[in-house]
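Colleague:
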Amino acid sequence: ATGGGAWMEPATRAMARARAVTVWLRCPLPVLVRRVSGREHRPLLRDQDPAEVLARLAAVRHPVYAEADVVVDCGDEPPEVTTMRVAEAITAWQPPRRLPVRLETTSYDVVVGDGLLARAGALLAPVLPQKRAVVVTDTVVGGLHLATLRAGLAEAGFTTAEIIVEGGESAKSLARYAALVEQVIDVGIERKTALIALGGGVVGDLAGFAAATVLRGLPFVQVPTTLLAQVDSSVGGKTGVNTRQGKNLVGAFHQPALVLADTATLATLPPRELRAGYAEIVKAGLIGDAALFDWCESHGADVVGGDAAAQAEAVLRACAFKAGVVGDDEREERPNDGRALLNLGHTFGHALEAEYGYGGGLLHGEGVAAGLGLAFRLSARLGLCAEADAARVIAHLRATGLPAGLRDLDRRFSAAALYAHMRRDKKVKDGNIRFVLVRGIGAAFTTAEVEEGAVLALLRDEGADA
């Protein structure tokens, strides 16, 4: 038990967070006034109106008290009743899981749990330099989750401005980025004002790029609300926008101060969005964690079916895998392994997205899923992996409602056009396309030694026109 002023010291709060479960006994002001009336020996109340003193203290202290792990409301009940409530609250408390991302330049945590939006202020206060923030979200997510986030920030004393952008991949444009930058500057930000991205990967990429560039860099927080963003785009610091030539061709590395993955938000996702996010979980297993792919085969139907426990476990497993990869190769500087392996399925997938025109006809995760199937087919055709591995991956993708190749999509393609998109990919080096291929499940590698004819033949055999 601390005195009322002790918790106001940042060092005290940091020590308590590291070593204990903290509880705030939140009591209404009228009850407190009755309790202290007549106690003139208390220095803070001497020769002053208790109600005025306590109201003034509450205005300053309550936003900091809100950083406690557990809040228990109490009033005029006997002490034993309050004690029982505290015991019950501590017993019921489930701390969020924290996955550390440790980089050469910085470090941060991915916090995974249920109900984190309502606790956002308490979780962000220790890692942000200022209790001012600009929340960027889209029209759909804002209607679902902005009020909860706003209240969670306000409880800990944050003042916020809010910017609403249109949703969908088409919002990741240079024009929308420029407009967002102007809006952020117009609200009167400072260099310590944080940008908080509330939404899926589009909002995270767009707001993150703005955070990387406004005033040469603002603190940034990812609050992903889609499965795809929670397991992939929110972790690792990649931000950017699309151009007419391709996806994510303009951007920057800008690491967040924290990632808050509130798994409760997944309950609001339509089934198609859940499936699209699940593709990135499968991808993680196929790259370098065969046990994760085994888990996916057993539990994937539960994840896309809305099982909350399976979804939380999937987010934890996939984030842990990506955190390890990013920690070893923050800026994708190891061309033959490391972070480059996270592009498994993306060379094909980005080409398919470009053909669809980023209008929502093909979600990013759907493009990745089709790309995974194509990457395994190409690997098998080149004798790099067993046909059985490719068949196993394709069967699982289709079993969970995802496309695994061109024939699973709702339009026809030109092999030449798809290959032209691949040649504009960020991974092209010295004119050669770098593919991520596999020697088996959990054994991905990169190579620039794939002949154009082999890729075109695969696409034609998949049904693409010449």
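In the working numbering, the protein residues as written are 2 to 467. We put the beta carbon where it would ideally sit given N, CA and C, even for glycine.
From what residue to what residue does the beta strand (DSSP E) around Leu261 run?
Modeller: First-last of the beta strand (DSSP E) with Leu261: 259–263.
Colleague: So, using beta-carbon positions, are Pro97 and Gly114 closer together than 8 Å?
Modeller: In contact: Pro97 and Gly114 (Cβ atoms closer than 8 Å).
Colleague: Would you call Ile164 buried or exposed, if buried means 16 or more other Cβ atoms sit within 10 Å of its Cβ?
Modeller: Buried is the call here.
Colleague: What are the residues that DSSP puts in a beta bridge with Tyr109?
Modeller: DSSP, once it has assigned bridges, lists Val102 as partnering Tyr109.
Colleague: Is the number of C-beta pairs between the segment 231–239 and the segment 187–205 that are closer than 8 Å three or more?
Modeller: Verdict: yes, contact present.
Colleague: Which residue spans inside the segment 268–319 form an unbroken alpha helix (DSSP H) run of at least 4?
Modeller: Whole alpha helix (DSSP H) segments, 4+ residues: 272–289, 291–306.
Colleague: Opposite Ile197 in the DSSP bridges: which residues?
Modeller: Looking at the DSSP assignment, Ile197 forms a beta bridge with Val136, Val222.
Colleague: Quick one: what's Phe446 bridged to in DSSP?
Modeller: In the DSSP output, where bridge partners are listed per residue, Phe446 has Leu438.
Colleague: Can you give the Cα-Cα distance for Pro51 and Val304, rounded to whole angstroms?
Modeller: Each residue's alpha carbon lies about 54 Å from the other.
Colleague: Pick from Glu331, Ile282, Gly360, Glu314: whose alpha carbon is nearest that of Leu345?
Modeller: Nearest C-alpha to Leu345: Ile282.
Colleague: The alpha helix (DSSP H) spanning Asp390 covers which residue range?
Modeller: Taken as a continuous stretch (DSSP letters only), the alpha helix (DSSP H) holding Asp390 covers 388–400.
Colleague: For Ser174, does the three-state DSSP call read helix, strand or coil?
Modeller: It is coil, neither helix nor strand.
Colleague: How about the segment 378–389 and the segment 309–323: do they share at least three Cβ pairs that are nearer than 8 Å?
Modeller: Output reads no: the segment 309–323 does not touch the segment 378–389.
Colleague: Measure the C-alpha to C-alpha separation of Thr23 and Gly368 and round it to an integer number of angstroms.
Modeller: C-alpha separation (whole angstroms): 45 Å.
Colleague: With a CB to CB cut of under 6 Å and the five nearest residues on each side skipped, what residues in its chain are close to Ala449?
Modeller: These residues qualify, in order along the chain: Asn433, Arg435.
Colleague: From the DSSP output, which residues share a beta bridge with Leu26?
Modeller: Leu26 pairs with Val73.
Colleague: Identify every residue that forms a DSSP beta bridge with Ile165.
Modeller: Beta-bridge pairing links Ile165 to Thr138.
Colleague: Under 8 Å, do Arg18 and Pro127 count as touching if we go by C-beta distance?
Modeller: Contact flag set, yes.
Colleague: Quick check on DSSP: helix, strand or coil for Phe414?
Modeller: Looking at Phe414 - three-state DSSP - the assignment turns out to be coil, as it is neither helix nor strand.
Colleague: First and last residue of the alpha helix (DSSP H) that includes Val372?
Modeller: First, the amino acid is wrong: residue 372 is Gly here, not Val. First-last of the alpha helix (DSSP H) with Gly372: 365–382.
Colleague: Taking the alpha-carbon of Asp390 as reference, which of Glu356, Asp295, Ala458, Glu274 has the nearest alpha-carbon?
Modeller: Among Glu356, Asp295, Ala458, Glu274, the Cα nearest to that of Asp390 belongs to Asp295.
Colleague: By how many angstroms is the C-alpha of Gly374 removed from the C-alpha of Arg399?
Modeller: Going by the C-alpha atoms only, they are around 10 Å apart.
Colleague: Compute the beta-carbon to beta-carbon distance between Val224 and Ala253, rounded to the nearest angstrom, for a pair I have assumed lies under 8 Å.
Modeller: About 20 Å separates the two Cβ atoms, so there is no contact after all.
Colleague: Roughly how far, in whole angstroms, is the beta-carbon of Asn175 from the beta-carbon of Val137, given that I think they are within contact range, below 8 Å?
Modeller: Sequence inspection shows Leu at residue 175; the Asn mentioned does not correspond to that position. Wrong, their Cβ atoms sit about 17 Å apart, outside the cutoff.
Colleague: If you follow the alpha helix (DSSP H) that Leu460 is part of, which residue opens it and which one closes it?
Modeller: Segment 453–462, the alpha helix (DSSP H) holding Leu460.
Colleague: Are there 16 or more other CB atoms within 10 angstroms of the CB of Gly361, so buried, or fewer, so exposed?
Modeller: Exposed: under 16 other Cβ atoms inside 10 Å.
Colleague: Please name the residue in Arg192, Pro271, Lys430 whose C-alpha comes closest to that of Leu1.
Modeller: With the chain running from 2 to 467 in the structure shown, residue 1 is simply not present.
Colleague: Please classify Asp206: is it buried, with 16 or more other beta-carbons within 10 angstroms of its beta-carbon, or exposed?
Modeller: By the 10 Å Cβ count, Asp206 comes out buried.
Colleague: Which residues in the same chain as Gly5 place their Cβ atom closer than 8 Å to its Cβ, once the five residues preceding and following it in sequence are excluded?
Modeller: If we look at Gly5 and ignore the five residues flanking it on each side, its Cβ neighbours are Leu58, Arg62.
Colleague: Would DSSP call Val242 helix, strand or coil?
Modeller: Strand.
Colleague: How would you label Met85, buried or exposed, when you count the other beta carbons within 10 angstroms and need 16 or more for buried?
Modeller: By the 10 Å Cβ count, Met85 comes out exposed.
Colleague: Check whether the Cβ atoms of Ala371 and Leu407 sit closer than 8 Å, and answer yes or no.
Modeller: Yes, these two residues count as a Cβ contact at 8 Å.
Colleague: Label Lys428 either buried or exposed according to how many other C-beta atoms from any shown protein chain fall within 10 Å of its C-beta, with 16 as the threshold for buried.
Modeller: Burial call: buried.
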